[in-house]
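Notes to accompany the following structure.
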Amino acid sequence: MSVTELQFQAASVSDAPAVAVQGRSQWQLTWRRLRSDKVAVGSIIVIILMILFAICAPLIAHATGHPVDTAYPDTGEDASGLPVGPGVHGFFLGTDQIGRDLLVRIAYGARISLFVGLLTTALATIAGVTLGLVAGYFGGIVDAILARFFDAALAFPFIILALALASVFHPNLAIVIGVISFFSWAGISRIVRGQTLSLKEKEYIEAAKSLGAGSGRIMFLEILPNLLGPVLVLATLYIPTAVTFEATLSFLGIGIPEPAPSWGNILAEAQNFYNTSWWYVVFPALFLLVTTLAFNLLGDGIRDAIDPRTERLFAGSKNGRRKRGKGKGTGGLNLDQAIMVGEERDLTVDNPMPAGEG
Amino acid sequence: MNMVRFLIRRIITGILVLWLVATGTFFLFFTAVPVGVVARNLAGRAATPGVLAQVTRYYGLDRPVLAQYLTFLHKLIKGNFGQSFLTQQTVTTIIHQDLPVTASVVVGGVLLWLIAGLAVGILSATRARSLFDRVATVGVLAGVSAPTFVVGELLIIFVFVQLNQHGISFIQTGYAPLSQGVGPWLGTMILPWITLAIVQAAVYTRLSRGSLLDTLGEDYIRTARSKGLTERRVLYRHAVRSAMTPVVSQLGIDVGALLGGVLVVEQVFGLHGLGYQVVASIPAGDQPVVIGLVILAAAFVVAANIIVDASYALLDPRVRIS
Numbered sequence: 007m008s009v010t011e012l013q014f015q016a017a018s019v020s021d022a023p024a025v026a027v028q029g030r031s032q033w034q035l036t037w038r039r040l041r042s043d044k045v046a047v048g049s050i051i052v053i054i055l056m057i058l059f060a061i062c063a064p065l066i067a068h069a070t071g072h073p074v075d076t077a078y079p080d081t082g083e084d085a086s087g088l089p090v091g092p093g094v095h096g097f098f099l100g101t102d103q104i105g106r107d108l109l110v111r112i113a114y115g116a117r118i119s120l121f122v123g124l125l126t127t128a129l130a131t132i133a134g135v136t137l138g139l140v141a142g143y144f145g146g147i148v149d150a151i152l153a154r155f156f157d158a159a160l161a162f163p164f165i166i167l168a169l170a171l172a173s174v175f176h177p178n179l180a181i182v183i184g185v186i187s188f189f190s191w192a193g194i195s196r197i198v199r200g201q202t203l204s205l206k207e208k209e210y211i212e213a214a215k216s217l218g219a220g221s222g223r224i225m226f227l228e229i230l231p232n233l234l235g236p237v238l239v240l241a242t243l244y245i246p247t248a249v250t251f252e253a254t255l256s257f258l259g260i261g262i263p264e265p266a267p268s269w270g271n272i273l274a275e276a277q278n279f280y281n282t283s284w285w286y287v288v289f290p291a292l293f294l295l296v297t298t299l300a301f302n303l304l305g306d307g308i309r310d311a312i313d314p315r316t317e318r319l320f321a322g323s324k325n326g327r328r329k330r331g332k333g334k335g336t337g338g339l340n341l342d343q344a345i346m347v348g349e350e351r352d353l354t355v356d357n358p359m360p361a362g363e364g
Numbered sequence: 007m008n009m010v011r012f013l014i015r016r017i018i019t020g021i022l023v024l025w026l027v028a029t030g031t032f033f034l035f036f037t038a039v040p041v042g043v044v045a046r047n048l049a050g051r052a053a054t055p056g057v058l059a060q061v062t063r064y065y066g067l068d069r070p071v072l073a074q075y076l077t078f079l080h081k082l083i084k085g086n087f088g089q090s091f092l093t094q095q096t097v098t099t100i101i102h103q104d105l106p107v108t109a110s111v112v113v114g115g116v117l118l119w120l121i122a123g124l125a126v127g128i129l130s131a132t133r134a135r136s137l138f139d140r141v142a143t144v145g146v147l148a149g150v151s152a153p154t155f156v157v158g159e160l161l162i163i164f165v166f167v168q169l170n171q172h173g174i175s176f177i178q179t180g181y182a183p184l185s186q187g188v189g190p191w192l193g194t195m196i197l198p199w200i201t202l203a204i205v206q207a208a209v210y211t212r213l214s215r216g217s218l219l220d221t222l223g224e225d226y227i228r229t230a231r232s233k234g235l236t237e238r239r240v241l242y243r244h245a246v247r248s249a250m251t252p253v254v255s256q257l258g259i260d261v262g263a264l265l266g267g268v269l270v271v272e273q274v275f276g277l278h279g280l281g282y283q284v285v286a287s288i289p290a291g292d293q294p295v296v297i298g299l300v301i302l303a304a305a306f307v308v309a310a311n312i313i314v315d316a317s318y319a320l321l322d323p324r325v326r327i328s
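Dropping the structure here:
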């Protein structure tokens, strides 16, 4: 290329209309992609409505005039003492076995479900990220010891532990939160550890070290910001898992004890009435399903927005995205497989027991 | 030769893991539940202090924990799991009664979910981004989101109750052993199988689809195609075979875990299997049963893991067993 050509090019560039080219941060790009994803936006709306529903539970109780724990044997039960159906005597979703308003119980149940889901995810994420960073960054003996803890936590049959705890102490909210958090952090830890292992070899970490940055600063200010994307995706996907755990524990009678309503214990009671009162099962089940599905769809959408290259589970509106090449080992995180299989199975390491659920 | 050495090493570590599990459960249940509570459970609420003391002595609950542990371990090595505090049945008898129920649920469920999951997964992968693929992925997400007991309860309401109200009584809840004939057995098993399949097939669809898409991008698939092999042969002989490794490993984990007790499904459908037994035994303080069943569950998981790892070499010729 001759000098004159370059000059010509330079001239034409400066002639171009001065459009302000703004740099967009990674998060701005992610947000823009997420906003154009109808499924993700729909999930966000559903989740916000569900949170409002939970927050407004006392208002709903006030509006219907049916406090959460008050039974209405006269209006809320039919002649043979069975629950009344939706719409009868001002019970919009019908009543339960002792004539309490099902709508109000489900609303209060939403508080417990969402509270447990969000709090346990927050606890598990904080613990998982911290331990994963420490294990990956320091390596060596620290890593080896922590890795055994990850394995043990992933291997323990969690329902058995929950049952054991519930048989010693009375089942309560604190135990539920403790058990679920305890069995959730290890999965996050393992993935954060793996990412930290590769990130800590990057040049900018070396640069930070040579500037005299301490370990804490490097871990939390240099490495962590680069992991926020995958951690956000994992956390969003853990919320529905935690909601399901809570519901399952309560269903088995080792979660939230009556009379406090939780979707799980409502469904456990409803089991005895499937012959006569379909609404008693169907409505709480629907709320539970809609909530977990919305969080799963949102998590999937966020993953797609953060890294459009990775495989997207919900292959919604966008056509013509690249066919997936080799998933493993391209820069993109293969979260799907990481979450599902836990890790590449190593033939020389025994991986004894997964948490038994079924 | 390599294989034999591999198996021997894995069996030894497997036994070590089982010992750890046995020890862990023993101390968890014997130290977590106070002796007084156990004795009261055994003797009944109205028992006098004298009876309580007698019961405590009879079951050796007054001995030091370490001595109890050694006795327990000694019996365990001889294959004696002890006997239930509550029913006096030996734990082995209980396992004999309950294992067929759990095994029925698991075996049928596995077949159903594998067939459904793999068929949908393979079709989705070969028609990536088609309408079928998209519908399947939505279904998968719904399946992944659904808690097991919700699926079970909805099936009971919409299938079991509806059919029975219309005079079709083939499908029943509870358990009918095979000795009563295949029909009744099938009638009690179909809904539990479908429940397991709905929840689990999703996972397998997702895994097999992802894994097959990965494999189809490999160089040796291009080689196979350029040799002029038919697409069918390329797909089933070359791609699917090695794409099955993650599926097999997940299958091993699931089957191993479920054989120890399909807790939720057994609870929903009133099936008296191993999971049902555990859920009933723990609050009752029946430690020998709980410990026995937990060790059994762990043994299934350990065995499944060994089989899975050994089968890798058979499925994917590139894997070397070390």
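Protein chains in written order, with the numbering used here: chain Y, 7 to 364; chain C, 7 to 328. Beta carbons: idealized from backbone N, C-alpha and C, even for Gly.
request  = Could you tell me which of Y:Ile186, Y:Trp37, Y:Gly91 sits nearest to leucine 124 of chain Y, measuring between CA atoms?
outcome  = Y:Ile186
task = Name the two residues that bound the continuous alpha helix (DSSP H) containing lysine 233 of chain C.
result = Membership of lysine 233 of chain C in any alpha helix (DSSP H) is not indicated, and neither H nor E is assigned to it by DSSP.
query = Given glycine 349 of chain C, which residues of its chain have a CB within under 6 Å of its CB, disregarding the five upstream and five downstream residues?
reply = Within the shown structure, residues of chain C are numbered from 7 to 328, placing residue 349 of chain C beyond reach of any answer.
message = In the DSSP assignment, the alpha helix (DSSP H) including glycine 235 of chain Y goes from what residue to what residue?
response = 230–257
query = Nearest-angstrom Cα distance between glutamine 343 of chain Y and leucine 213 of chain C?
reply = Because the pLDDT at glutamine 343 of chain Y is just 38, under 50, the model does not fix this residue reliably, and the value given afterwards should be weighed accordingly. Take the alpha-carbon of glutamine 343 of chain Y and the one of leucine 213 of chain C: they are about 7 Å apart.
ask   = Applying the criterion that 16 or more other CB atoms from any shown protein chain within 10 Å of the CB defines a buried residue, is methionine 9 of chain C buried or exposed?
value = exposed
ask   = Would a check of beta-carbon distances place asparagine 302 of chain Y closer than 9 Å to chain C?
value = yes
C-alpha distance - leucine 26 of chain C paired with arginine 215 of chain C, whole-angstrom precision = 37 Å
query = Who does glutamine 89 of chain C pair with in a DSSP beta bridge?
reply = Partner(s): C:Thr96.
query = Could you check where the alpha helix (DSSP H) with glutamine 60 of chain C kicks off and where it finishes?
reply = Start and end: 55–64.
ask   = Hey, out of Y:Thr254, Y:Phe293, Y:Leu243, Y:Gly48, whose CA is closest to alanine 274 of chain Y's CA?
value = Closest option to alanine 274 of chain Y, judged by alpha-carbon separation, among Y:Thr254, Y:Phe293, Y:Leu243, Y:Gly48: Y:Thr254.
Contact under 9 Å by Cβ, isoleucine 229 of chain Y with leucine 169 of chain Y = no
ask   = Would a check of beta-carbon distances place alanine 28 of chain C closer than 9 Å to chain Y?
value = no
task = Give, in chain order, every residue of the segment 146–160 of chain C whose Cβ lies closer than 8 Å to some Cβ of chain Y.
result = Val146, Leu147, Ala148, Val150, Ser151, Ala152, Pro153, Thr154, Phe155, Val156, Glu159, Leu160
query = Considering only the beta carbon of each residue, do tyrosine 242 of chain C and alanine 122 of chain C sit closer than 9 Å?
reply = no
message = By DSSP's criteria, threonine 101 of chain Y is part of a beta bridge. Which residues make up the other side?
response = Y:Asp107
request  = Below 7 Å CB to CB, which residues in the same chain sit around aspartate 260 of chain C once its five sequence neighbours on both sides are set aside?
outcome  = Gln206
ask   = Does DSSP put valine 94 of chain Y in a helix, a strand or coil?
value = strand
ask   = Taking DSSP as the reference, what is the three-state secondary structure of proline 89 of chain Y?
value = strand
Enclosing alpha helix (DSSP H) for aspartate 306 of chain Y [first to last residue] = 284–312
message = Considering just the uninterrupted stretch of the alpha helix (DSSP H) at leucine 277 of chain C, what are its terminal residues?
response = Per DSSP, leucine 277 of chain C lies in no alpha helix (DSSP H) segment and is marked neither H nor E.
inquiry  = Output needed in chain order: residues of the segment 253–285 of chain C with a Cβ under 9 Å from some Cβ in chain Y.
reply    = Cβ contacts with chain Y come from Ser255, Gln256, Ile259, Asp260, Gly262, Ala263, Leu264, Gly266, Gly267, Val268, Leu269, Val270, Val271, Glu272, Gln273, Val274, Gly281, Val284, Val285.
key: Per-residue contacts from alanine 167 of chain C into chain Y (C-beta, under 7 Å)   = For the sequence presented, residue 167 of chain C should be read as valine rather than alanine. Here the neighbours are Tyr280, Asn281.
inquiry  = Going by C-alpha to C-alpha distance, which of Y:Leu88, Y:Gly307, Y:Ile312, Y:Ala266 sits closest to threonine 76 of chain Y?
reply    = Y:Ala266
inquiry  = Under 9 Å, Cβ to Cβ, is there at least one residue of chain Y near valine 3 of chain C?
reply    = Any answer about residue 3 of chain C is impossible in this case: the structure gives chain C only from 7 up to 328.
ask   = For isoleucine 203 of chain C, which residues of its own chain have a beta-carbon under 7 Å away from its beta-carbon, when the five flanking residues on both sides are left out?
value = It should be noted that the sequence gives alanine, not isoleucine, for residue 203 of chain C. So the list reads Gly115, Leu118, Trp119, Ala122, once near-sequence residues are dropped.
message = Let me check understanding here. Comparing Cα to Cα, which of C:Ala152, C:Ile174, C:Ser151, C:Thr179 lies closest to isoleucine 162 of chain C?
response = C:Thr179
task = With DSSP collapsed to three states, give me the class of glutamate 212 of chain Y.
result = In this structure, glutamate 212 of chain Y counts as helix in the three-state DSSP scheme.
request  = Step through the CB atoms of chain Y and report whether any lies within less than 9 Å of the CB of phenylalanine 336 of chain C.
outcome  = Nothing in the structure corresponds to residue 336 of chain C, since chain C is present only between 7 and 328.
Unbroken stretches of the alpha helix (DSSP H), 4 residues or longer, contained in the segment 31–85 of chain Y = Counting only runs of 4 or more, we get 32–41, 44–61, 63–70.
query = In chain order, what residues of the segment 241–261 of chain Y put their CB closer than 7 Å to some CB of chain C?
reply = Pro246, Thr250, Ala253, Thr254, Phe257, Leu258
query = Which bits of chain Y does isoleucine 163 of chain C rub up against, with CB to CB less than 8 Å?
reply = Listed along chain Y are Tyr280, Trp284, Val287, Val288, each with a C-beta nearer than 8 Å to that of isoleucine 163 of chain C.
key: Contacting residues, own chain, Cβ-Cβ under 7 Å from threonine 202 of chain Y (five flanking each side not counted)   = Gly138, Leu139, Gly142, Tyr143, Ile229
task = Report all residues from its chain with a CB closer than 8 Å to the CB of asparagine 278 of chain Y; omit the five preceding and five following residues, and keep chain order.
result = Gln103.
ask   = Is asparagine 311 of chain C helix, strand or coil when you go by DSSP?
value = Of the three classes helix, strand and coil, the one that applies to asparagine 311 of chain C here is helix, per DSSP.
ask   = Nearest-angstrom Cα distance between lysine 332 of chain Y and glycine 223 of chain C?
value = Here the model assigns lysine 332 of chain Y a pLDDT of 33, short of 50, so the residue's position is not dependable, and the following value carries that caveat. Each residue's alpha carbon lies about 6 Å from the other.
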